[in-house]
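Q: First to last, the sequence lines map onto chains A and B.
Going by the numbering used here, the residue at position 98 of the first sequence is 101; the numbering climbs one at a time, nothing skipped.
Going by the numbering used here, the residue at position 303 of the second sequence is 396; the numbering climbs one at a time, nothing skipped.
All residues carry an ideal CB built from backbone N, CA and C; glycine is no exception.
Remember, predicted model here, so these are calculated numbers, not experimental data.
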Amino acid sequence: MDTTGATARPRFQVTIEDSGNRFACAEGLPVLKAMTALGGGGIPSGCHGGGCGVCKVRVLEGAYRTAAMSRDHVSPEEEAGGVALACRLYPASDIRLRVLGRMRKAVAARRYGFV
Amino acid sequence: MGVMRIGHVDLRVLDIDEALNHYVNILGMIETDRDAAGNVYLKGWDEWDQYSLILNPSDRAGMNSIAYKVEKDSDLDDFEKRIADWGIAVENVPAGTLHNCGRAIRFDLPSGHEMYLFAEKKFVGKSVGAINPDPWPEDIKGAGVHWLDHALLMCELNPEKGINKVEETTRFLREVLDFYLAEQVTAGPNGEIQAATWLFRTTTPHDIALVGGPRPGLHHLAFFLDEWNDVLKAADTMGRKGVKIDVTPQRHGITRGCTIYFFDPSGNRNETFAGLGYLAQPDMPPITWTEDQLWRGIFYHVGEEAGSFTSVYT
Numbered sequence: 004m005d006t007t008g009a010t011a012r013p014r015f016q017v018t019i020e021d022s023g024n025r026f027a028c029a030e031g032l033p034v035l036k037a038m039t040a041l042g043g044g045g046i047p048s049g050c051h052g053g054g055c056g057v058c059k060v061r062v063l064e065g066a067y068r069t070a071a072m073s074r075d076h077v078s079p080e081e082e083a084g085g086v087a088l089a090c091r092l093y094p095a096s097d098i099r100l101r102v103l104g105r106m107r108k109a110v111a112a113r114r115y116g117f118v
Numbered sequence: 094m095g096v097m098r099i100g101h102v103d104l105r106v107l108d109i110d111e112a113l114n115h116y117v118n119i120l121g122m123i124e125t126d127r128d129a130a131g132n133v134y135l136k137g138w139d140e141w142d143q144y145s146l147i148l149n150p151s152d153r154a155g156m157n158s159i160a161y162k163v164e165k166d167s168d169l170d171d172f173e174k175r176i177a178d179w180g181i182a183v184e185n186v187p188a189g190t191l192h193n194c195g196r197a198i199r200f201d202l203p204s205g206h207e208m209y210l211f212a213e214k215k216f217v218g219k220s221v222g223a224i225n226p227d228p229w230p231e232d233i234k235g236a237g238v239h240w241l242d243h244a245l246l247m248c249e250l251n252p253e254k255g256i257n258k259v260e261e262t263t264r265f266l267r268e269v270l271d272f273y274l275a276e277q278v279t280a281g282p283n284g285e286i287q288a289a290t291w292l293f294r295t296t297t298p299h300d301i302a303l304v305g306g307p308r309p310g311l312h313h314l315a316f317f318l319d320e321w322n323d324v325l326k327a328a329d330t331m332g333r334k335g336v337k338i339d340v341t342p343q344r345h346g347i348t349r350g351c352t353i354y355f356f357d358p359s360g361n362r363n364e365t366f367a368g369l370g371y372l373a374q375p376d377m378p379p380i381t382w383t384e385d386q387l388w389r390g391i392f393y394h395v396g397e398e399a400g401s402f403t404s405v406y407t
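(1) Going by C-alpha to C-alpha distance, which of B:W138, B:R362 and B:F293 sits closest to B:L314?
(2) Name the residue from B:W138, B:Q143 and B:Y134 whose alpha carbon lies nearest to the alpha carbon of B:N149.
(3) Count the other CB atoms within 10 Å of the CB of A:D36; is the residue buried (16 or more) or exposed (fewer)?
(4) How many Å lie between B:A182 and B:G305 at the Cα?
(5) Between B:E384 and chain A, is any beta-carbon pair separated by less than 9 angstroms?
(6) Out of B:Y406, B:D329 and B:E364, state which residue places its alpha-carbon closest to the alpha-carbon of B:H345.
(7) What are the boundary residues of the beta strand (DSSP E) that B:F200 is part of?
(8) Residues of chain A with a CB under 9 angstroms from the CB of B:A244: which are they?
(9) For the ligand MG, I want to know if B:A288 counts as a neighbour, meaning its beta carbon is within less than 8 angstroms of at least one of the ligand's heavy atoms.
(10) If contact is defined by three or more beta carbon pairs under 8 angstroms, each pair taking one atom from either stretch, is the segment 124-134 of chain B in contact with the segment 186-193 of chain B?
(11) Just to confirm the assignment, what range does the alpha helix (DSSP H) spanning B:E285 have?
(12) List, in order along the chain, the chain B residues whose C-beta lies closer than 7 angstroms to that of A:Y115?
(13) Using a Cβ-Cβ cutoff of less than 8 angstroms, which residues in the same chain neighbour B:A154 once the five nearest sequence positions on both sides are dropped?
(14) Can you find the residues in the same chain that come closer than 8 angstroms, C-beta to C-beta, to A:R113, ignoring five residues on each side of it along the sequence?
(15) For a test of the three-state rule: what should DSSP assign to B:W291, helix, strand or coil?
(16) Helix, strand or coil for B:Q143? Go by DSSP, reduced to three states.
(17) Identify, in the order they occur along the chain, each residue of the same chain with its Cβ nearer than 8 angstroms to the Cβ of B:Y393, setting aside the five sequence neighbours on each side.
Written out as structure tokens, the structure is:
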């Protein structure tokens with residue numbers, strides 16, 4: 004069964020400015036899901052529910068809509084300025100974005116077990 | 094006497110309909126009540142109190158508070174005094190402050206998480222009843238979780254600044270609320286840092302767990318399943334429904350549980366946890382996992398971090 008519902012729908016190109024990576028995202032699919040489903044990288048992948056904030060991006064160009072995102076991670080001002088969580092970001096045209104979120108584990112070795 | 098078990102978690106969700114679909118149709122919980130503020134109350138089929146999960150519509154994810162049930166009303170007076178004597182502000186709240194519960198006491202754990210203790214909650218009974226019951230109900234949905242089993246709370250750990258809320262909260266739970274230590278992770282140059290703990294009041298290895306991280310939060314809520322095959326079928330349901338799975342079915346070294354980690358539609362991490370692990374008793378020697386074997390403790394097969402275990406939580 005196609006759980007993504009992505010077959011036979013319009014597809015938009017998503018370009019990650021940081022890396023130049025491009026991938027297709029079907030209408031109705033969040034950007035992060037489209038990226039991970041294709042085995043791609045570039046945007047940190049976390050909870051996929053708008054709650055953890057690691058997939059934060061700024062949309063530089065293109066039309067889109069968003070679903071609910073935790074206010075702990077995206078303020079109303081940021082949202083108005085094009086900031087979104089990629090897991091809640093649905094393109095309505097080709098879009099170009101910049102990655103703002105970071106996975107903490109990628110940054111430094113841990114010294115005390117989990118931190 | 095004292096704390097019996099986890100009572101409920103009050104959880105923030107971004108979209109109540111999506112959250113209900115997840116907890117009812119995928120996990121198999123049962124909606125038992127709603128209130129005027131829009132909160133929805135749920136229980137597992139094997140639970141007898143009215144609810145173990147409150148879904149609170151919010152613009153943020155994460156946990157509002159966690160509640161444990163004590164055996165006797167007089168326990169609340171005893172704990173109120175002991176908590177205050179330990180130096181933590183404690184508030185006596187009247188019946189009904191917690192929905193359909195008797196009076197309660199409210200305080201913040203040293204980690205900053207809000208906790209309630211209560212002795213009474215509205216009784217509704219198990220789905221299979223208490224007279225000649227069937228082993229499981231016919232109308233079970235999705236994973237068919239039995240009960241809310243435990244929660245793992247992330248506690249601030251920053252040894253260079255002298256902050257170890259895991260150690261402090263563990264000490265509070267043991268000395269004041271009479272929890273017992275089942276297992277711990279030690280870290281740091283001489284293994285002197287208590288970096289994670291698993292504590293119990295029931296006869297299973299944990300009713301609460303604490304892990305050190307950069308900031309406090311909710312790591313996960315865990316729901317009980319009987320055994321490994323139930324874990325596999327739960328994962329099948331999640332695959333079918335497109336649930337974001339963080340870590341596929343496998344074994345914990347710590348607690349010996351069989352597990353899946355996944356996220357609810359607001360990004361709160363859930364676990365389905367199977368098996369009773371081992372018999373936990375007050376006189377059991379606590380188990381220690383050293384830092385070099387820490388990931389064997391968390392994910393026994395791979396012995397490495399899987400998914401986004403430490404980097405993502407609400």
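A: In short, the structure shows the following:
(1) B:R362
(2) B:Y134
(3) Checking the sequence, you will find Lys at residue 36 of chain A rather than Asp. The residue is buried, with at least 16 neighbouring Cβ atoms inside 10 Å.
(4) 23 angstroms
(5) yes
(6) B:E364
(7) A197 to D201
(8) What B:A244 touches in chain A: nothing, since even the nearest Cβ is about 16 angstroms away.
(9) No copy of the ligand MG occurs in the structure displayed, which carries no ligand at all.
(10) yes
(11) It is not in any alpha helix (DSSP H) - B:E285 carries neither H nor E in the DSSP assignment.
(12) L250, P252, A280, G281, I286, A288 and G305
(13) R105, V106, L107, S359, G360, N361 and T407
(14) none
(15) strand
(16) coil
(17) Q343, R344, H345 and G346
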